[in-house]
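In terms of my numbering, the sequence shown opens at residue 19 and continues consecutively.
Cβ coordinates follow ideal geometry from the N, Cα and C atoms, glycine included.
Note that the coordinates shown come from a computational prediction; the quantities given were computed from them, not determined experimentally.
Okay, structure first, notes after.
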Amino acid sequence: PSVPRHTNRLINEKSPYLLQHAHNPVDWYPWGQEAFDKAKIENKLIFLSVGYSTCHWCHVMEEESFKSKEIGDIMNEHFVCIKVDREERPDVDKVYMTFVQATSGGGGWPMSVWLTPDLKPFAGGTYFPPEDGVHRVGFRTVLLRIAEQWKENKDALLESSQRILEALRHTSEIRVQGQESPPPAKEVMDTCFQQLSRSYDEDYGGFSKSPKFPTPVNLNFLFTYWALHQTTPEGARALQMALHTLKMMAHGGIHDHIGQGFHRYSTDQHWHVPHFEKMLYDQGQLAAMYSRAFQISGDEFFADVVRDILLYVSRDLSDPVGGFYSAEDADSYPTTTSGEKREGAFCVWAAEELRALLPDPVEGATEGTTLGDVFMHHYGVEEAGNVDPMKDPHQELKGKNVLIARCSPELTAAQFGLEPGRLRALLQECRQRLSSARARRPRPHLDTKMLAAWNGLMISGFAQAGAALAEQGYVSRAAQAAAFLRTHLFDPDSGRLLRSCYRGKDNSVEQSAVPIQGFLEDYVFVIQALFDLYEASLEQGWLEWALHLQHMQDKLFWDPKGFAYFSTEAGDPSLLLRLKDDQDGAEPTPNSVTVTNLLRAACYSGHMDWVEKAGKILAAFSERLQKIPITLPEMVRATAVFHQTLKQVVICGDPQGEDTKEMLHCVRSVFSPNKVLMVADGDSAGFLYRQLPFLSSLERKDGKATAYVCSNFTCSLPVTSVQELRGMLSP
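Right under this line is the structure:
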């Protein structure tokens with residue numbers, strides 16, 4: 019490669035996104051004191067650009083503007099330019115995204131914000147084209163206008179930025195409003211169900227027309243709603259909505275039929291043409307959702323999708339040392355000689371390419387049938403490509419096909435006179451051939467940053483899948499990743515989590531010069547993962563670590579005045595606002611998940627003040643939960659669990675004994691949203707016995723593994739039959 023003409027300070031960073039911009043002619047600084055001091059000393063405005071390494075429009079803006087010497091010169095002359103990876107610094111991202119959304123009515127990445135030297139925002143947007151167009155002002159024009167304003171109207175700008183900050187402080191505050199009790203579960207659950215039901219797409223599943231997102235939080239809510247209303251028509255509809263959505267997604271182009279795993283979202287109503295990046299947090303949450311669908315329905319289709327997701331993550335997003343990488347990009351070079359990347363190039367197919375790869379005649383099928391005929395019929399391949407031009411504004415997918423299962427295996431088999439079992443084997447052979455062909459294409463960029471929060475979500479995915487599918491290998495992979503977190507993203511001296519670490523040379527793991535401390539989401543998702551891992555593995559060390567982290571989370575983030583947890587800890591002068599997220603999105607908001615975490619923590623420790631804290635969070639969000647619960651489906655779910663009281667399912671027995679294993683299998687195979695599982699193995703010196711003295715009074719009956727179902731540490735009569743236990747598990 020030629021020697022780069024420009025190199026800026028980002029060359030010293032570890033984030034793949036920041037390193038992508040290290041050779042721009044823009045004099046980028048990372049977020050930090052050096053940039054802040056320069057802005058103050060030189061009395062310059064700050065231009066803040068926030069994005070992430072697999073963001074398509076971030077790449078576009080870099081190509082058009084940040085690689086332009088002319089635009090770079092304007093930026094360097096008038097501004098101190100700061101680049102932030104939103105995945106490394108969600109705290110910075112959230113503060114300025116709150117501003118952009120409040121002032122422009124929209125948001126997204128790349129985020130472009132102009133700040134005063136004391137970091138107060140006064141202008142912002144998302145993607146800007148480089149030059150003026152018919153409908154949009156160009157980036158160059160915006161830069162020059164803002165520089166002129168700073169020169170001519172500095173005082174007015176400073177005054178305006180102060181007013182904006184005060185308004186943001188006021189509107190973004192979430193606190194308990196006089197009434198200090200959690201909202202009633204029934205009406206909040208029913209309202210949320212009705213709101214989701216109204217937005218549900220009866221034909222294709224999902225909760226909007228387009229674009230269409232996987233939204234695991236909605237599915238998780240629907241499963242819980244079903245579990246608590248199993249005998250009602252509403253309960254049946256909730257289950258049908260969730261299962262149909264999961265089936266349609268798995269058949270759709272959002273699911274990578276050749277390389278496994280799920281893309282970020284669908285650009286259309288049919289789950290067909292996706293935005294092609296693959297994010298770790300989607301894989302983790304969807305593995306858990308498909309595991310639940312299998313628990314509830316017993317349908318192997320869902321178990322197969324779980325295996326598909328976890329195969330993808332194990333193969334393509336796993337670090338040799340045990341952690342999980344963040345994402346794979348949407349864009350890649352179509353061939354090894356291409357000069358320009360295209361979205362989806364790694365995943366799409368031309369019809370003639372498929373015919374050439376699958377020319378074999380199919381024995382026993384209607385005469386003249388080739389493997390290509392069968393495969394192309396089943397996956398909706400068309401000679402001229404199957405992508406609607408309206409969903410391909412840049413013509414990147416012209417003449418190409420995004421695979422989507424258009425028929426059931428039975429229908430395709432009947433079409434060609436084949437047995438369904440034979441058809442499945444043929445399709446599997448075709449997929450393997452295409453996988454080999456795809457492996458010769460240039461791969462998309464891999465973001466090898468490892469984040470505590472997203473690793474937590476993925477550990478939960480592996481642990482829950484291992485428990486539901488009785489696959490010990492998945493539990494072992496979850497434990498390997500948890501051990502990775504304890505080694506590389508936890509500081510034993512301070513007892514605190516770190517946010518991120520990075521793949522180094524020769525399979526080493528690197529940390530940035532000044533490690534980023536963990537945020538609320540890191541604690542919440544890791545604690546949830548450790549509880550899931552304990553229930554799948556019964557290793558009490560994970561439980562002990564989870565309770566330690568919960569104490570630390572309380573210390574760093576709890577708001578004793580307004581209740582609930584702040585997203586960031588106090589004491590960072592560069593953060594203008596301490597916020598509490600109030601919407602479940604691609605990931606659930608941390609306060610939503612932490613309600614259930616606190617209830618589980620209380621069950622495992624006997625610390626009832628954690629139950630009180632859970633109630634205080636629900637009280638702080640009470641108004642939102644009652645008016646627009648659809649924005650917080652995970653917290654609505656937690657409200658039901660809070661009012662139901664968790665069942666402590668205690669199994670007394672030798673964890674290696676067949677009778678104990680049978681009971682554990684029974685508990686793990688039933689979806690029950692309001693239970694925690696523990697094993698009392700008779701080791702009175704063990705961690706659980708020290709936490710919960712009542713365990714010492716529980717005994718095996720007639721020398722057999724015995725189950726007790728307890729509520730608030732008061733236990734049922736002992737049960738030794740799996741059938742009786744199953745009956746006691748229903749919510």
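Residue span of the alpha helix (DSSP H) that contains residue i, given as start and end
i                 : result
lysine 58         : 51 to 59
serine 729        : Taken as a continuous stretch (DSSP letters only), serine 729 belongs to no alpha helix (DSSP H), being part of the beta strand (DSSP E) at 724 to 729.
proline 108       : 108 to 122
glutamine 662     : 651 to 662
histidine 412     : Histidine 412 -> no alpha helix (DSSP H), and no H or E assigned at all.
threonine 250     : First-last for threonine 250: undefined, no H or E at that position.
serine 494        : 490 to 506
lysine 311        : It should be pointed out that residue 311 corresponds to alanine in this sequence rather than to lysine. Note, alanine 311: alpha helix (DSSP H), 298 to 315.
phenylalanine 146 : That residue, phenylalanine 146, is in no alpha helix (DSSP H); it is neither H nor E in DSSP.
threonine 189     : 172 to 189
alanine 455       : 438 to 456
aspartate 391     : 389 to 396
glutamate 204     : First, the amino acid is wrong: residue 204 is lysine here, not glutamate. Its alpha helix (DSSP H) spans residues 203 to 217.
histidine 77      : 74 to 79
Length of the line joining the Cα atoms of residue i and residue j
i                 : j                 : result
arginine 586      : glutamine 601     : Note on identity: in this sequence residue 586 is threonine, with arginine being the wrong assignment. So the alpha carbons of these two residues sit roughly 16 Å apart.
serine 426        : glycine 50        : 55 Å
leucine 264       : arginine 310      : 11 Å
tyrosine 541      : arginine 282      : 24 Å
glutamate 81      : phenylalanine 660 : 50 Å
valine 694        : histidine 74      : 42 Å
glutamate 385     : proline 379       : 9 Å
arginine 158      : glycine 479       : 45 Å
leucine 376       : leucine 436       : 17 Å
leucine 28        : aspartate 103     : 11 Å
aspartate 672     : serine 687        : 20 Å
aspartate 577     : tyrosine 583      : 6 Å
leucine 655       : lysine 169        : Leucine is not the amino acid found at residue 655; the sequence shown has arginine there. Whole-angstrom Cα-Cα distance: 53 Å.
phenylalanine 320 : valine 613        : 28 Å
leucine 12        : histidine 293     : Shown here, the chain extends from 19 to 749; a query on residue 12 therefore has no answer.
aspartate 150     : alanine 141       : 18 Å
methionine 746    : asparagine 730    : 16 Å
Buried or exposed by the 16-neighbour rule on C-beta atoms within 10 Å, applied to residue i
i              : result
leucine 36     : buried
valine 532     : exposed
aspartate 111  : buried
tryptophan 132 : buried
asparagine 30  : exposed
arginine 495   : buried
valine 331     : buried
threonine 663  : exposed
proline 139    : buried
serine 122     : exposed
serine 356     : exposed
Run of the beta strand (DSSP E) containing residue i, from where it starts to where it stops
i              : result
tyrosine 47    : 46 to 48
threonine 332  : According to the sequence as given, residue 332 is serine; it is not threonine. Segment 318 to 334 is the alpha helix (DSSP H) holding serine 332; no beta strand (DSSP E) there.
tyrosine 520   : 518 to 521
methionine 468 : 467 to 469
Residues bridged to residue i (per DSSP)
i              : result
valine 68      : Val102, Met129
alanine 141    : Trp132
tryptophan 367 : Asn419
isoleucine 669 : Val697, Ala725
methionine 93  : According to DSSP, which records beta bridges pairwise, methionine 93 is partnered with nothing at all.
histidine 273  : Phe280
aspartate 627  : According to DSSP, which records beta bridges pairwise, aspartate 627 is partnered with nothing at all.
valine 737     : Ala725
histidine 293  : Tyr283
threonine 732  : Ser729
Any non-hydrogen atom of the ligand GTP within 6 Å of residue i CB
i             : result
methionine 93 : Absence of the ligand GTP from the depicted structure is noted, as is the absence of any ligand whatsoever, leaving it without description.
Proximity test, Cβ basis, 7 Å: residue i and chain D
i          : result
serine 555 : As a matter of chain content, chain D is missing from the structure shown, which is built from one protein chain.
At least three beta-carbon pairs within less than 8 Å, the stretch 294 to 308 to the stretch 427 to 447: no
Contact between the stretch 91 to 101 and the stretch 159 to 170 (3+ Cβ pairs under 8 Å): yes
Three or more C-beta pairs below 8 Å linking the stretch 185 to 201 and the stretch 631 to 639: yes
Inter-stretch contact at 8 Å, needing at least 3 Cβ pairs: the stretch 286 to 293 / the stretch 226 to 234: The stretch 286 to 293 vs the stretch 226 to 234: in contact.
Touching by the beta-carbon criterion (3+ pairs, under 8 Å), the stretch 650 to 669 and the stretch 696 to 711: yes
Inter-stretch contact (C-beta, 8 Å, three-pair minimum) for the stretch 390 to 408 and the stretch 248 to 255: no
The stretch 452 to 471 / the stretch 356 to 364 touching (three or more Cβ pairs under 8 Å): yes
Sufficient close CB pairs (3 or more, under 8 Å) joining the stretch 258 to 276 to the stretch 205 to 223: As far as the Cβ criterion goes, the stretch 258 to 276 touches the stretch 205 to 223, which means the pair count is three or higher.
Three or more C-beta pairs below 8 Å linking the stretch 177 to 190 and the stretch 609 to 627: no
Three or more C-beta pairs below 8 Å linking the stretch 640 to 659 and the stretch 602 to 611: yes
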